[in-house]
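Numbering (the working numbering), first residue to last: 93 to 175.
Right under this line is the structure:
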């Protein structure tokens, strides 16, 4: 998947997760009692999962770039400036 398309999908998922969470907090489901409160909890967990999953789409990194292997014994991690 193209990097730009992946990031746009991640932002769309983030907005949808925030919208669902906002509806659950400020919207109609406050009067849900009994069995419906389990549905509200499941929707809340789904919104949390959507928000967390969107970060994976926005800041995606291929598997081969995730681990850093030193090329020699005197190499330092990228981004560190040791002299």
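Every residue gets a Cβ at the ideal spot worked out from N, C-alpha and C, and that includes glycine.
TODO: Work out the CA separation of residue 126 and residue 104 for me, nearest whole Å.
DONE: Here residue 104 is taken as the residue at index 12 of the chain shown, counted from 1. Here residue 126 is taken as the residue at index 34 of the chain shown, counted from 1. About 32 Å.
- [ ] Taking all protein chains shown into account, decide if residue 119 is buried (16 or more other Cβ within 10 angstroms of its Cβ) or exposed.
- [x] Within the chain shown, the letter at position 27 stands for residue 119. Result: exposed.
Open item on the list: Could you compute how far the alpha carbon of residue 98 sits from the alpha carbon of residue 135?
Closed with: The residue you call residue 98 lines up with position 6 of the chain shown. The residue you call residue 135 lines up with position 43 of the chain shown. Roughly 24 Å between the two C-alpha positions.
Open item on the list: I need the straight-line Cα distance from residue 131 to residue 112, nearest angstrom please.
Closed with: As a working note, residue 131 is residue 39 in the chain shown. As a working note, residue 112 is residue 20 in the chain shown. Computed Cα separation, rounded: 13 Å.
TODO: Check residue 130 in the structure and name its three-state DSSP category.
DONE: Translated into the one-based positions of the chain shown, residue 130 becomes position 38. It is helical.
TODO: Tell me whether residue 146 is buried or exposed, calling it buried when 16 or more other Cβ atoms sit within 10 Å of its Cβ.
DONE: In the chain shown, the residue the question calls residue 146 occupies position 54. Buried, since its Cβ has 16 or more Cβ neighbours within 10 Å.
Open item on the list: Could you check whether residue 150 and residue 114 sit closer than 8 Å to each other, using their CB atoms as the reference points?
Closed with: Taking the first residue of the chain shown as 1, we reach residue 114 at position 22. Taking the first residue of the chain shown as 1, we reach residue 150 at position 58. Cβ atoms of residue 114 and residue 150: not closer than 8 Å.
- [ ] Could you please give the first and the last residue of the uninterrupted alpha helix (DSSP H) stretch that includes residue 118?
- [x] One-based indexing of the chain shown puts residue 118 at position 26. Run containing residue 118: 95 to 118, per the alpha helix (DSSP H) assignment.
Open item on the list: Less than 8 Å between the beta carbons of residue 139 and residue 116, yes or no?
Closed with: Working through the chain shown from its first residue, we reach residue 139 at position 47. Working through the chain shown from its first residue, we reach residue 116 at position 24. Yes, Cβ-Cβ distance for residue 139 and residue 116 is below 8 Å.
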